[in-house]
Amino acid sequence: MILATECDVANEVICAPANVNELFEFPAIFTVGGLEFSRTHILMLLAALVAIAILYFGLRGQRLVPTKFGAAVEGMVGFVRDGIARDVIGPEGSKYVPYLMAMFFFLLVGNLFEITPLINFPVTSRMAIPLFLALVTYVVFMFVGFAKNNFRFLIDTAWPKTVPIGLRWLVGLIEVFSIFILRPITLAVRLFANMVAGHLMLTLLLTSGVIFIAAIPEIGVKGSIGVFWFALGLFMFLLEILIGVLQAYIFTLLTAIYIESSIHFEH
Amino acid sequence: MEGNIDNLVGALSLVGYGLGAIGPGIGIGIVAGNAITAMARQPEMQGTIRTTMFLGIALTEALALIGFVLFFIASA
Numbered sequence: 011m012i013l014a015t016e017c018d019v020a021n022e023v024i025c026a027p028a029n030v031n032e033l034f035e036f037p038a039i040f041t042v043g044g045l046e047f048s049r050t051h052i053l054m055l056l057a058a059l060v061a062i063a064i065l066y067f068g069l070r071g072q073r074l075v076p077t078k079f080g081a082a083v084e085g086m087v088g089f090v091r092d093g094i095a096r097d098v099i100g101p102e103g104s105k106y107v108p109y110l111m112a113m114f115f116f117l118l119v120g121n122l123f124e125i126t127p128l129i130n131f132p133v134t135s136r137m138a139i140p141l142f143l144a145l146v147t148y149v150v151f152m153f154v155g156f157a158k159n160n161f162r163f164l165i166d167t168a169w170p171k172t173v174p175i176g177l178r179w180l181v182g183l184i185e186v187f188s189i190f191i192l193r194p195i196t197l198a199v200r201l202f203a204n205m206v207a208g209h210l211m212l213t214l215l216l217t218s219g220v221i222f223i224a225a226i227p228e229i230g231v232k233g234s235i236g237v238f239w240f241a242l243g244l245f246m247f248l249l250e251i252l253i254g255v256l257q258a259y260i261f262t263l264l265t266a267i268y269i270e271s272s273i274h275f276e277h
Numbered sequence: 029m030e031g032n033i034d035n036l037v038g039a040l041s042l043v044g045y046g047l048g049a050i051g052p053g054i055g056i057g058i059v060a061g062n063a064i065t066a067m068a069r070q071p072e073m074q075g076t077i078r079t080t081m082f083l084g085i086a087l088t089e090a091l092a093l094i095g096f097v098l099f100f101i102a103s104a
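Protein sequence lines correspond, in order, to chains A and B.
For the first sequence, my numbering begins at 11 and goes up steadily by one.
For the second sequence, my numbering begins at 29 and goes up steadily by one.
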């Protein structure tokens with residue numbers, strides 16, 4: 011998209027896109043009953059389908075010696091079930107495995123769309139998706155908290171008995187603010203910010219690298235800088251794989267931690 | 029470009045976010061460093077330590093994330 015903008019490579023020092031939103035907003039492709047479908051929507055549905063397909067084809071037909079793909083999927087499923095749900099929440103964690111599993115695989119696929127050739131757009135870099143997932147998590151851990159502890163959940167958070175009386179109101183205020191307001195926001199913004207930063211950095215480094223390398227005949231110095239930038243972009247490409255997997259893991263892990271803290275919220 | 033106050037506002041909010049990210053950066057370093065020390069001393073407690081570490085990082089990082097949001101609000 012940057013490549014399409016007018017840029018006099020020989021004379022201009024910086025080739026900047028007119029607006030950074032160009033990288034994240036796509037025009038509507040078709041409309042169904044007033045709902046406009048853009049590339050983002052299609053990618054979001056595709057991410058869900060891919061996540062379902064991975065689980066379906068990976069775990070279909072249990073056999074004594076699983077295929078390589080099956081073994082890899084089993085490894086990931088076991089990681090979410092044992093490493094996240096049961097380790098963090100405890101024995102009751104089995105109840106939340108389906109939710110955590112769906113979230114982990116959707117986020118994993120959505121994040122890795124960033125480095126998938128021909129797609130190259132992380133759907134999770136649109137605030138709507140992380141925000142919606144974070145709100146679902148918010149509803150889940152609020153519901154669990156109030157269902158397990160009645161209104162002690164709210165009262166004991168706002169008025170913690172273990173804290174000395176002088177500081178109790180301050181600690182209570184901070185706790186209420188951080189648990190009831192800040193948690194869903196930070197959960198969503200963490201994922202969103204990481205994905206936006208990664209997408210911006212990749213796009214800028216790789217496309218400006220290509221543009222600058224194309225300028226080698228006119229200006230040699232710029233071209234050599236372009237080679238460096240392109241190499242840096244390729245390195246970032248590898249780093250983004252790590253970041254995509256890590257952010258999916260952290261989002262799922264924090265969901266599990268929040269659910270756990272509403273089940274046993276006294277400590 | 030010259031004399032446009034909007035550019036200045038954007039640049040200032042960027043500097044503000046940079047300042048806001050210093051504290052959480054130090055904090056996350058301390059949390060992660062101590063978690064590594066703890067894991068090296070007691071490898072059998074790795075799972076618990078990792079969970080607590082991520083919780084601590086999440087609480088610390090919240091400040092930087094608030095700064096990030098405020099950057100968008102201020103520069104919009």
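Just so it is clear, CB atoms sit at the ideal spot from N, CA and C, and this is done for glycine as well.
Contact annotation: in the segment 159-192 of chain A, residues whose CB is within less than 9 angstroms of a CB in chain B are Ser188, Leu192.
In terms of CA proximity to Ser104(A), Arg91(A) leads the group Phe116(A), Ala112(A), Phe114(A), Arg91(A).
Near chain B, meaning a CB-to-CB distance below 7 angstroms, the residues of the segment 258-272 of chain A are Ile260, Leu263, Leu264, Ile267. DSSP places Glu35(A) in no beta strand (DSSP E); its state is neither H nor E.
For Val255(A), the closest Cβ of chain B is not nearer than 8 angstroms. Classified as exposed, Leu248(A) has fewer than 16 neighbouring CB atoms from the shown chains inside 10 Å of its CB. When DSSP states are grouped into helix, strand and coil, Thr126(A) belongs to the coil group. Interface annotation for the segment 90-114 of chain A against chain B: Gly93, Asp97, Val98, criterion Cβ-Cβ distance under 8 angstroms.
In summary, Tyr268(A) is buried, with 16 or more beta-carbon neighbours lying within 10 Å of its beta-carbon over all protein chains present. Gly233(A) is a Cβ neighbour of Ile223(A), given a cutoff of 8 angstroms. The count of Cβ pairs closer than 8 angstroms, one atom from the segment 252-272 of chain A and one from the segment 80-97 of chain B, reaches three, so the stretches are in contact. In chain order, Pro52, Ile56 place their CB closer than 7 angstroms to the CB of Glu89(B), counting only its own chain and leaving out the 5 sequence neighbours on each side.
The C-beta of Pro132(A) has 16 or more other C-beta atoms within 10 Å across all chains shown, which makes the residue buried.
In this structure, the CA atom of Ala82(A) is about 40 angstroms from the CA atom of Glu185(A). Taken atom to atom, the span from the alpha-carbon of Gly208(A) to that of Phe99(B) is near 17 angstroms.
Taking the CA atoms as reference points, Phe202(A) sits about 21 angstroms from Val43(B).
The C-beta separation of Gly243(A) from Leu216(A) comes to about 4 angstroms, placing the pair in contact by the 8 angstroms criterion.
Within chain B, Leu93, Phe96 have C-beta atoms less than 7 angstroms from the C-beta of Ala203(A), given in sequence order. Val199(A) belongs to the set of residues whose beta carbon lies under 8 angstroms from a beta carbon in chain B. The Cβ atoms of Val59(B) and Ala102(B) lie no closer than 8 angstroms to each other. In this structure, Arg200(A) lies away from Phe34(A), with their beta-carbon atoms at least 8 angstroms apart.
Assignment of beta-bridge partners to Val42(A) by DSSP yields Leu45(A). At a Cβ-Cβ threshold of 8 angstroms, Ala66(B) and Ile54(B) do not count as neighbours. Membership of Met152(A) in the alpha helix (DSSP H) is indicated by the continuous run 138-159. Using a Cβ distance threshold of 8 angstroms, Gly95(B) and Ala63(B) do not count as a contacting pair. In this structure, the beta-carbon distance from Glu124(A) to Glu32(A) does not fall below 8 angstroms. Rounded to the nearest angstrom, the gap between the Cα atoms of Ile94(A) and Asn160(A) is 26 angstroms. Straight-line measurement puts the Cα of Pro37(A) at about 9 angstroms from the Cα of Thr50(A). Rounded to the nearest whole angstrom, the C-alpha separation of Ala225(A) and Ile99(A) is 56 angstroms. Residues of chain A whose Cβ lies closer than 7 angstroms to the Cβ of Leu83(B) are, in chain order, Ile267. Taking C-beta atoms as the reference points, Ala144(A) and Ala198(A) count as a pair closer than 8 angstroms. Our two residues, Ile139(A) and Pro76(A), have alpha carbons roughly 34 angstroms apart in a direct line. In the same chain as Arg96(A), and ignoring 5 residues on each side of it, the C-beta atoms closer than 6 angstroms to its own belong to Gly103, in chain order. The Cβ atoms of Gly219(A) and Phe240(A) sit closer than 8 angstroms to each other.
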